[in-house]
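Following the numbering used here, the numbering of the sequence shown begins with 1136 at its first residue and continues without gaps. The beta carbon of each residue, even a glycine, is placed where N, CA and C say it ideally should be.
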Amino acid sequence: MGTPHQGAAGAGAGRFPLVNAPRRTPNFTRFIATGAILGFVVGAVATLFTERAPGLSETSAMFYIGVFGAAIGAVLGALVAVAFERRG
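Here it is in structure tokens:
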């Protein structure tokens, strides 16, 4: 007969418990927010080097293009987070 501590796997079971490292997943909120901020900045700076649309002030053009850049940056940030999650 076996000892009370002997498991189904044999006498060596339980001596060295297996500890799984926690799976590291990207924080999607941070990736999306970072992409949106970078996209806004890139869009806003891009308006400084392009012609302004008639009827829009420079500030309005900067805001609209910045928001468009933020949307694109947020989507790209989410795609990068998904790529990191699948890779890891």
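Quiz item: Thinking C-beta only, is Gly1201 closer than 8 Å to Phe1163?
Solution: Position 28 of the sequence shown, counted from the start, is the residue given in the question as residue 1163. Position 66 of the sequence shown, counted from the start, is the residue given in the question as residue 1201. Cβ atoms of Phe1163 and Gly1201: not closer than 8 Å.
Practice problem: Decide if Gly1208 is buried, meaning its Cβ has at least 16 other Cβ atoms within 10 Å, or exposed. | Solution: Looking up residue 1208 in the sequence shown gives position 73. Buried.
Practice problem: Keeping to the same chain, check which residues put their C-beta closer than 7 Å to that of Pro1166; ignore five residues upstream and five downstream. | Solution: As a first step, residue 1166 must be located in the sequence shown, where it is residue number 31. Sequence inspection shows Phe at residue 1166; the Pro mentioned does not correspond to that position. Closer than 7 Å at Cβ, skipping near neighbours: Gly1212, Ala1213, Val1215 and Ala1216.
Quiz item: What is the residue span of the alpha helix (DSSP H) that Val1215 lies within?
Solution: Within the sequence shown, numbered from 1, the residue matching residue 1215 stands at position 80. Residues Glu1193 to Arg1222.
Practice problem: For Gly1223, count neighbouring Cβ atoms within 10 angstroms of its own Cβ and tell me buried if that reaches 16, exposed if not. | Solution: Walking along the sequence shown from the start, residue 1223 turns up at place 88. Gly1223 is exposed by the Cβ-count criterion.
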